Amino acid sequence: MAASCSFRSVVRAPPLSRSLARSAVRCRRAATPGAGGAASTSKLVVEVKERLAREHPGLPTGRNGRDDDDMILWFLKDRKFSVDEAVSKLTKAIKWRQDFGVSELSEESVKGLYQTGKAYVHDSLDIDGRPVLVVIAAKHFPSTQDPVENEKLCAYLVEKAINRLPSGEENILGIFDLRGFRVENGDLQFLKFLLGQVLFVDAPFVFQPMWQVVKPLLRSYASLVRFCDSETVRKEYFTEETVPPDFHC
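According to full-length UniProt numbering, the residues represented by the sequence shown are 1 to 249, in order.
Written as structure tokens, this is what we have:
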């Protein structure tokens, strides 16, 4: 989701508290389709799987395919257990993965932009056991970098983070380091890939107009965004041993 806009003065909104952000993530994770619990959820997974097989038999199967129970369940939760909406969104996602060649992406295939250091998956999990994707905004120049290659880097890193999810965890922590952010760095493409809480760290005033434009487009997902400073990242999300190198004192 590239974000281009005319920059204007806005008043910064109050930051989202960490407890509220975590509650929002948990609400999405804990949502159930009503009475029946796990049995009812399993029936919905089967229903989605059968519809995909019937309506879209050409979609791939296996991991991240139309019969991947975990993937189906994630989309059901994301769509508040609406089968129609889950089928629609899942179909688009699988087709995009197939057309974009996500499963073929590797560090070598994104080497050019990966070596800029503008984004990486942190070696350690955060204190809640989530994989961490860090984006260094000041190293991102969308007007001079190939947008397709940027999207490939996004997809590769998110896929890498997903592969690091511990059993039972469904969320990734995205950290956008906005120190040194300028107008020419203005692009929030990573947001369309992220699966969990997002931290905007040390956002300068010039970032706020772009956020005001993008925020309504995210709808309910905007509640997962928190504005904070570097010290908050160090103290609330990591231990001294696991904090990302860009946020060391």
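No residue lacks a Cβ here, since even glycine has one placed at the ideal position from N, Cα and C. Source: prediction; values computed, not measured.
Count the other CB atoms within 10 Å of the CB of Asp68; is the residue buried (16 or more) or exposed (fewer)? To locate residue 68, count along the sequence shown from 1; it is residue 68. Looking at its Cβ environment, which holds 16 or more other Cβ atoms inside 10 Å, Asp68 is buried.
6 Å Cβ shell around Cys249 - same chain, five flanking residues per side excluded: Looking up residue 249 in the sequence shown gives position 249. Hits under 6 Å: none found.
Beta strand (DSSP E) runs wholly inside the segment 92 to 138, at least 3 long, in chain order: 119 to 121, 132 to 136
So which of Glu108, Gly129, Val206, Glu169 has the shortest CA-CA distance to Arg179? Within the sequence shown, numbered from 1, the residue matching residue 179 stands at position 179. It is Val206 whose Cα lies nearest to the Cα of Arg179.
Between the alpha carbons of Phe247 and Arg234, how many angstroms are there, rounded? Taking the sequence shown and counting its residues from 1, the one referred to as residue 247 is at position 247. Taking the sequence shown and counting its residues from 1, the one referred to as residue 234 is at position 234. When rounded, the distance between both Cα atoms is 7 Å.
Is it the case that the Cβ atoms of Val45 and Leu90 are separated by a distance below 8 Å? Position 45 of the sequence shown, counting from 1, holds the residue named residue 45. Position 90 of the sequence shown, counting from 1, holds the residue named residue 90. No, the pair does not count as a contact, with Cβ atoms beyond the cut-off.
So for Ser173, helix, strand or coil by DSSP? Translated into positions along the sequence shown, residue 173 becomes position 173. Looking at the sequence shown, residue 173 is not Ser but Leu. DSSP places Leu173 in strand when its eight states are reduced to three.
Tell me the rounded alpha-carbon separation between residue 328 and Asp99. Because the chain here runs from 1 to 249, residue 328 falls outside it and cannot be looked at.
Nearest candidate by alpha-carbon position, reference Arg182, set Asp123, Pro209, Asp84: Here residue 182 refers to the residue found at position 182 when the sequence shown is read from its first residue. It is Pro209.
Tell me where the beta strand (DSSP E) around Leu199 begins and ends. The residue you call residue 199 lines up with position 199 of the sequence shown. Counting along the chain, the beta strand (DSSP E) containing Leu199 begins and ends at 198 to 201.
Do Val121 and Leu133 count as a contact pair if the criterion is CB distance below 8 Å? Working through the sequence shown from its first residue, we reach residue 133 at position 133. Working through the sequence shown from its first residue, we reach residue 121 at position 121. Taking 8 Å as the Cβ cut-off, Leu133 and Val121 qualify as a contacting pair.
Rank Gly101, Val87, Ile175 by C-alpha distance to the C-alpha of Arg54 and give the top, closest one. On the sequence shown, position 54 is the one that residue 54 refers to. Among Gly101, Val87, Ile175, the Cα nearest to that of Arg54 is on Val87.
Close Cβ partners of Leu125 (< 8 Å) along its chain, the five nearest in sequence each way excluded: Residue 125 sits at position 125 when you count from the first residue of the sequence shown. Excluding positions up to five away in sequence, the list reads Pro131, Val132, Arg164, Pro166, Thr242.
Can you grab the Cα-Cα spacing for the pair Tyr156 / Val225, in whole Å? Indexing the sequence shown from 1 puts residue 156 at position 156. Indexing the sequence shown from 1 puts residue 225 at position 225. If you take the alpha carbons of Tyr156 and Val225, they lie about 22 Å apart.
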